[in-house]
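Residue numbers (the working numbering): 802 to 1012. Heads up, the thing below is written out as structure tokens.
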Amino acid sequence: MLGQRLITLEGGEGAGKSSALQAVRDWFDARGLPLWCSREPGGTELGEELRQLILRPRNEAVTALSELFMVFAARAQHLQQEVLPRLQAGTWVVLDRFSDASYAYQGGGRGIASDRIAELERWVQGDLRPGLVLWLDVPIAIGLARAAQRSEAADRIGSESEDFMRRVQAVYAERCRQHASHHRIDAAQPMAAVRADLLRQLARHVATVCP
Ligand SMILES: Nc1ncnc2c1ncn2[C@@H]1O[C@H](COP(=O)(O)OP(=O)(O)O)[C@@H](O)[C@H]1O
Ligand SMILES: [Mg+2]
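Right, dumping it as structure tokens:
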């Protein structure tokens, strides 16, 4: 199954996804396993331009559907151009956000029905699903405080209401209950404990794929 080597990191702003990505990178490097890391939306020239269009604050209200289609447009480009060729070559791929974020943000946050998102998911991804999804779960206030320590200003989606963020969290939580591939990590813990939990899940998963 092609998706087995696809690992995705999910969670809100300041949950620790970028920090987690570095830990995952080091883990693969130490074992000499080929790894490619990227992010969504983004990862290609077109995708990064779409990311800016999606995230740039603007006066005009962006409709939920436009946002959803932009995210999946970036994803289609990313998959065809970068992700699929690598998975086909046996390279592990780790993504900072993927389709679960569409269910969480455009579904939970914006209110698009999940079966509509599932239609796009099937269209763009076929039967490709990540073999491992790690959701970094952090209370919204802690995530915001961590993100605030960074220099960048909040983007259009990151500056949504706390209610919006709660709906996002609820979808991530529900998907973790529904899918055996999805695991919740308590990201409110100190960095070292988060990393240990994360690497434990990673090692277990990699061992099932290449015993
Ligand atoms: N478990 C943690 N405890 C305390 N601070 C953390 C933890 N994980 C990440 N941070 C810090 O919080 C900030 C946001 O982390 P980051 O990995 O960039 O989050 P994300 O990519 O999910 O937005 C960074 O300054 C990072 O060093
Ligand atoms: Mg990040």
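No residue lacks a Cβ here, since even glycine has one placed at the ideal position from N, Cα and C.
- The alpha-carbon separation between Tyr906 and Ala890 amounts to approximately 31 Å.
- When the alpha-carbon of Thr864 is set against those of Val995, Val825 and Gly910, the nearest one is in Gly910.
- By the C-beta criterion, the region 948-956 is judged not to be in contact with the region 890-900, since fewer than 3 inter-stretch pairs fall below 8 Å.
- Annotation for Val1010: the continuous alpha helix (DSSP H) segment containing it runs Met992 to Val1010.
- If you look at Ile958, you'll find it isn't in any alpha helix (DSSP H); DSSP assigns it neither H nor E.
- For Ser839, the enclosing beta strand (DSSP E) has its first and last residue at Leu836 to Arg840.
- Following the DSSP letters along the chain, one finds His980 in no beta strand (DSSP E), marked with neither H nor E.
- Between Arg917 and Gln823, the alpha-carbon positions lie close to 34 Å from each other.
- Remark: C-beta atoms of His980 and Leu933 do not approach each other more closely than 7 Å.
- Shown in chain order are the residues whose CB sits closer than 7 Å to a heavy atom of ligand 2: Lys818, Ser819 and Asp897.
- In this model, Ala974 and Arg985 are separated by some 8 Å (Cα to Cα).
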